[in-house]
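Inspection log for the structure reproduced underneath, given as structure tokens.
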Amino acid sequence: MEIVERVVEEVNDLDVNEQRRILSEIEPKLLVKERRKKEISLPPLPHAEYGKVVTRFPPEPNGYLHIGHAKAAFIDYEYAQMYDGKFILRFDDTNPENEKIEYYDVQKEDLRWLGIEWDIEYCTSSNLPKHYELAEKLILQGDAYVCLCDQSTIRKNRFEGKICRCRERDKDENLSLWKEMHKDIEEGGAVLRLKGDMKSKNTAMRDPTLFRIIDAEHPIQGHKYRVWPTYDFAGAIEDSLSGVTHPFRTKEYELRDEVYFYILDKLNLRKPHLMEFSRLSIEGMPVSKRKIKPLIDEGKVSGYDDFRLPTLRGLKRRGITPEAIRLFVLSQGISKSESTVTFDQLEAVNRKIIDKRARRFFFVPNPVKIYVENAPALKKKLKFHPTEDMGYRVVETSSVFFVPREDIKSMREGDIFRLKDLYNVRISEIKKDEIKATYEGEELLKDVEKIQWVTEKSFEFVVLVGGPLFIGDKYNPDSLKRVRGLVEESLKTARNGEIVQFERFGFVRIEKEGDSMVGIFTHK
RNA sequence: GCUCCCGUGGUGUAGUCCGGCCAAUCAUUCCGGCCUUUCGAGCCGGCGACCCGGGUUCAAAUCCCGGCGGGAGCACCA
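Here the first sequence is numbered in my numbering, starting from -10 and rising by one per residue.
Right, here's the structure in full:
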């Protein structure tokens, strides 16, 4: 044991490159392996044949996509890639009351931002004639019937497992009623139901509704149709007909599997390999419209792109990259066990990605003035990135600087610290609003704090810092904080949307509008 | 209430179908160290888990039974 410890210590004392070099001499295989393991991968798909896998992502165009959608979309997309198959984007727009024309495009934009591409795109609403045809087939086979009961009766009967009279009607009557549904029967007056099993333990099988009447104008179809398929019917039919081999859905649909296969069975249609995975939830970040909508209405968040929200637009504004979302979401896998992930897991992934790309700047929150006696006037080149080649800016220094009050707090007269990348100073006098210091040379000293600074050529800057919107179930009124400070002039070169790092402060995404500029805190 | 699903370290996950190679994977957090002109990144190391109880078996995270805990569904919404 002691020997092991001693050896470990010895190895640790070596330079990393040295370690690597020696390892490559002893056992080069180890170095290769290390790299391969980094690639994340989904478990193999059952019943999958290379080149023949077809997946689909079926959003309803009724809102903005969020991280939960991203999980589904990435799983679908990734599997199609993995097996060199096809990936379909299908808009499940079968409820004209909910769909809005703008969301078709908005959702596509969001998917493209994620880096997802699809082979085929279509809307379920464009296939209604086919749906009607299959519905008639079911009616003629005696597997579906028109129910004239009102909604609450249906509900009650279903709960109690009771059959209603409508179920006994014969085919021809059903067929003519079905035709009537398209014409004169008023909304809510009739539905087409599957003849399932009213005594089934699975309540989803108790004659689920297949079609209902909705007169609202459809964003694409207008008033062309008024009989609309429900999710149970449309989902199953579309998956089968469009050739999807491996459809995924979230766990809450699990009870509906039986209905899904039953419908396809009665219609003699191919049955895909349906799979479910758990929903993704992030602590303190509501994903449902039910929770977000009121926040927007009450002005507690700015909109669906508020950076405290896990919508894709919100995450984008915050500075979370699509690559990070992909890695994060895939790391969750297709497990069925429910979990609430903390945001820092996403942060960790994101940090590694943006660290390599973010230009570094000095931002001084809550600044305090510092006057350095006999300070040399310098024109200092400061690199934008410690290791990557991103160029540099030149800063002219005199004897006036600003540093974070927070850092000075713990210091006393006589203490020495380094203006990072510049030179050392020694505090000679601490006054309320100003600190006097003396120049102490450029030599890099061990164990001396390195603090970021700005000169008088800096400007005021605000960083918006977002916290959790909910703590437990309770709304958190302090989810938005503003940090004011001074930032070096060269930040003006930042592009709108650029993610930078304010050294020792954190990553910040820059938003520019005209002459004004704010920062949105990404994470540490 | 009924039905279904889930239960692996602080967190998230792999493994569970087809029991042994699992004294259990990877990531993250935390702790220690190395490196570094950032409290960032990188590198090395460490702590830490199979919900409980029975059973089957030479052998169980994995199969069976019974508890307990969590989630979901019981819509003319998807």
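Just so it is clear, CB atoms sit at the ideal spot from N, CA and C, and this is done for glycine as well.
Check: What are the start and end residues of the alpha helix (DSSP H) that includes Thr142?
Finding: Gln140 to Glu149
Item checked: Sheet register partners of His55 (DSSP bridge) -> Thr300
Next item on the list: Let me know if Thr219 comes out buried or exposed under the rule of 16 or more other beta-carbons within 10 Å of its beta-carbon.
Entry: buried
Notebook entry, point to check: Is it true that the CB of Asp99 sits closer than 8 Å to the CB of Leu183?
Noted result: no
Notebook entry, point to check: From what residue to what residue does the beta strand (DSSP E) around Leu411 run?
Noted result: From DSSP, Leu411 is part of no beta strand (DSSP E); its letter is neither H nor E.
Check: So the beta strand (DSSP E) Gln490 belongs to, where does it begin and stop?
Finding: Ile488 to Phe491
Next item on the list: Could you pull the start and end residues of the beta strand (DSSP E) that Leu475 belongs to?
Entry: Leu469 to Glu477
Check: Can you tell me whether DSSP reads Lys26 as helix, strand or coil?
Finding: Because the pLDDT of Lys26 is 36, which lies under 50, any placement of that residue in the model is unreliable, and the number read from its coordinates should be weighed accordingly. Coil, per DSSP.
Check: Any idea if Thr44 is buried or exposed, counting beta-carbon neighbours within 10 angstroms, 16 or more meaning buried?
Finding: buried
Item checked: Where Ala366 falls, given that 16 or more other Cβ within 10 Å makes a residue buried -> exposed
Next item on the list: Would you kindly work out how many angstroms separate the C-alpha atoms of Leu263 and His235, rounded to a whole number?
Entry: Cα-Cα distance, rounded: 6 Å.
Notebook entry, point to check: Using DSSP with H/G/I as helix, E/B as strand and the rest coil, what is Met187?
Noted result: coil
Next item on the list: From the DSSP output, read off the bridge partner residues of Leu78.
Entry: Phe46 and Glu110.
Note to self: When you compare the CB positions of Ile440 and Val392, do they come within less than 8 Å of one another, or not?
What the structure shows: yes
Checklist line | Alpha carbon of Ser468 to alpha carbon of Glu487, nearest angstrom | finding: Distance between the alpha carbons of Ser468 and Glu487 is about 23 Å.
Next item on the list: Could you pull out every unbroken alpha helix (DSSP H) segment of at least 4 residues lying fully inside the segment 284 to 351, listed in chain order?
Entry: 301 to 307, 311 to 320 and 332 to 344
Margin query: Quick check: Ala61 and Leu301, are their CB atoms within less than 8 Å of each other?
Written below: It is not a contact, given that the beta carbons lie outside the stated cut-off.
Next item on the list: Could you check if Val180 is buried or exposed, using at least 16 other CB atoms within 10 Å of its CB as the buried criterion?
Entry: buried
Check: Assuming Pro311 contacts Leu31 under a Cβ cut-off of 8 Å, what Cβ separation, rounded to an integer in Å, is found between them?
Finding: Their Cβ separation, rounded to whole angstroms, is 18 Å, which puts Pro311 and Leu31 out of contact at 8 Å.
Check: From Ser115 to Glu88, what distance separates their C-alpha atoms?
Finding: 14 Å
Check: Using the C-alpha atoms, what's the distance from Thr329 back to Ile308?
Finding: Here residue 308 turns out to be Gly, not Ile, going by the sequence shown. Gly308 and Thr329: Cα-Cα distance of roughly 22 Å.
Next item on the list: Closer than 6 Å by C-beta to Glu14: which residues in its own chain qualify, once you throw out the five before and the five after it? Chain order, please.
Entry: Annotation note: pLDDT 42 at Glu14 (below 50); position unreliable, coordinate value reported separately. If you ignore the 5 residues before and after Glu14, its C-beta comes within less than 6 Å of no other C-beta in its own chain.
Check: Per DSSP, Met400 is paired with what?
Finding: None, per the DSSP bridge assignment.
Check: When burial is assigned at 16 or more other CB atoms within 10 Å of the CB, is Glu(-6) buried or exposed?
Finding: Legend: pLDDT at Glu(-6) = 37, less than 50; position of this residue unreliable, value from coordinates given subsequently. The residue in question, Glu(-6), is exposed, as its Cβ has fewer than 16 Cβ neighbours within 10 Å.
Checklist line | Span of the beta strand (DSSP E) around Pro393 | finding: Val389 to Pro393
Item checked: His36 classed as buried or exposed, judged by whether at least 16 other C-beta atoms fall within 10 angstroms -> exposed
Item checked: Cα-Cα separation, Pro197 to Trp107 -> 32 Å
Next item on the list: Report the partner residues of Val361 according to the DSSP bridge assignment.
Entry: Ala426
Check: Using 8 Å as the Cβ pair cut-off and three pairs as the minimum, do the segment 331 to 343 and the segment 473 to 482 touch?
Finding: no
Next item on the list: Go through its chain and collect everything with a Cβ distance to Cys155's Cβ below 7 Å, but skip five positions before and after it.
Entry: Once the five neighbours on either side are set aside, the close Cβ partners of Cys155 are Tyr134, Val135, Cys136, Leu137 and Cys138.
Notebook entry, point to check: For the alpha helix (DSSP H) that contains Glu162, what are its first and last residues?
Noted result: Element bounds for Glu162: Lys160 to Met170.
Note to self: Considering only their Cβ atoms, is the gap separating Asp404 from Lys358 smaller than 8 Å?
What the structure shows: Not in contact: Lys358 and Asp404 (Cβ atoms no closer than 8 Å).
Next item on the list: Go through its chain and collect everything with a Cβ distance to Thr192's Cβ below 7 Å, but skip five positions before and after it.
Entry: Counting only Cβ-Cβ distances below 7 Å, and skipping sequence neighbours, we find Arg147.
Next item on the list: Determine which residues share a DSSP beta bridge with Trp217 and list them.
Entry: Arg201
Margin query: Output needed for Ala225: all residues of its chain with C-beta closer than 6 Å, excluding positions within five of it in sequence on either side, in chain order.
Written below: Closer than 6 Å at Cβ, skipping near neighbours: Tyr249, Ile252 and Leu253.
Margin query: For Phe390 and Arg498, I'd like the C-alpha separation in whole angstroms.
Written below: Computed Cα separation, rounded: 25 Å.
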